[in-house]
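K.L.:
Pasting in a structure now, in structure tokens, and then I'll have a few things to ask.
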Amino acid sequence: MDPRIARTRRALQQALLGLVRERELEAVTIADVVERAEVTRSSFYLHYSDKETLLADALDALAEEEGAELPELLELIAEPPQALIAYLRHFDANAEVYRRVLGPHGSAVASDRLHASIEALAASALAQTGTDAFTDVPLDVAAAGLAGSVVGVLRAWIAREPRPSVEEGAGWIWQVLIGPGGAWQSMGAERRDRATSPLD
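Written out as structure tokens, the structure reads:
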């Protein structure tokens, strides 16, 4: 990417994130963004069609900078994996932004992108583990349901006042996934069965 393009996009992303930390997303205008970023309105539209797409990109860039990655969901363990706790620390450090993004007056584009990333991870895990926990449900539908549950818990956790600890929030999400009767609970049983069954 041309360094000038990268600088302009970063300036726009940083400007919008700063504004969303100060006020609700619906109260932020493109005029506010370009003024804060010190670029022209025409420059904005060279890079983005709307502020919601800009916000989704800004959140992706922020997560990447902070090393926040969704954990693989291939291993059944009792406690939430450290990668999930680290992922929630990113949300905790940027709680005001995510509270507004995921709230009732937030960004559908950014919320949908978050949902899609979790859904893709869930679909990959379901495919790789070969679970039959959803025998009557298409894999993509099951993955969408799991992603919706995770996003729902994440939204509820980030909105609570006072907000529970990162570890507690991660525990809630993990419980939604693995128990009781969760998809990964079934995966674990299947793995144990395969490990203990005699060879044909």
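First residue of the sequence shown: 1, per UniProt numbering; consecutive thereafter. Note that CB positions come from ideal geometry on N, CA and C, so glycine has one too.
Do the region 2-9 and the region 39-59 make contact, defined as three or more Cβ pairs closer than 8 Å?
P.N.:
Cβ pair count under 8 Å is three or more, so yes.
K.L.:
Along the chain, where does the alpha helix (DSSP H) that runs through Tyr98 open and close?
P.N.:
The count along the sequence shown starts at 1 and reaches residue 98 at position 98. It spans 95-102 - the alpha helix (DSSP H) in which Tyr98 sits, taken as one unbroken run.
K.L.:
Which residues in the same chain have their Cβ closer than 6 Å to the Cβ of Ile134, if we skip the five residues on either side of it in sequence?
P.N.:
Mapped onto the sequence shown, residue 134 falls at position 134. First, the amino acid is wrong: residue 134 is Phe here, not Ile. Correct list, in chain order: Ala142.
K.L.:
For Val34, which of helix, strand or coil comes out of DSSP?
P.N.:
The residue labelled residue 34 in the question sits at position 34 within the sequence shown. Looking at Val34 - three-state DSSP - the assignment turns out to be helix.
K.L.:
Checking 8 Å against the spacing of the C-beta atoms, do Ile118 and Val150 come in under that value?
P.N.:
Position 118 of the sequence shown holds residue 118. Position 150 of the sequence shown holds residue 150. For Ile118 and Val150, yes; Cβs fall inside 8 Å.
K.L.:
In three-state terms, what does DSSP make of Glu167?
P.N.:
Here residue 167 refers to the residue found at position 167 of the sequence shown. Three-state DSSP puts Glu167 in a helix.
K.L.:
Buried or exposed: which applies to Gln13, given that a residue is buried once 16 or more other Cβ atoms fall within 10 Å of its Cβ?
P.N.:
Here residue 13 corresponds to residue number 13 of the sequence shown, with the count starting at 1. Label assigned to Gln13: buried.
K.L.:
For a test of the three-state rule: what should DSSP assign to Ser124, helix, strand or coil?
P.N.:
If you number the sequence shown from 1, residue 124 lands on position 124. Correct three-state label for Ser124: helix.
K.L.:
According to DSSP, is Arg191 part of a helix, a strand, or is it coil?
P.N.:
Position 191 of the sequence shown, counting from 1, holds the residue named residue 191. Confidence at Arg191 is low in this model, with a pLDDT of 46, below 50, so the placement of that residue is unreliable and no value is reported for it.
K.L.:
Cutting at 6 Å between CB atoms, please list the residues of its own chain near Trp172, excluding the five before and the five after it.
P.N.:
If you number the sequence shown from 1, residue 172 lands on position 172. Closer than 6 Å at the Cβ level, and outside the excluded window around Trp172, lie Val153.
K.L.:
Contact check, Leu88 vs Val166 under 8 Å by CB: the rounded distance?
P.N.:
Against the sequence shown, residue 88 aligns to sequence position 88. Against the sequence shown, residue 166 aligns to sequence position 166. So it is a contact: roughly 5 Å between Cβ atoms.
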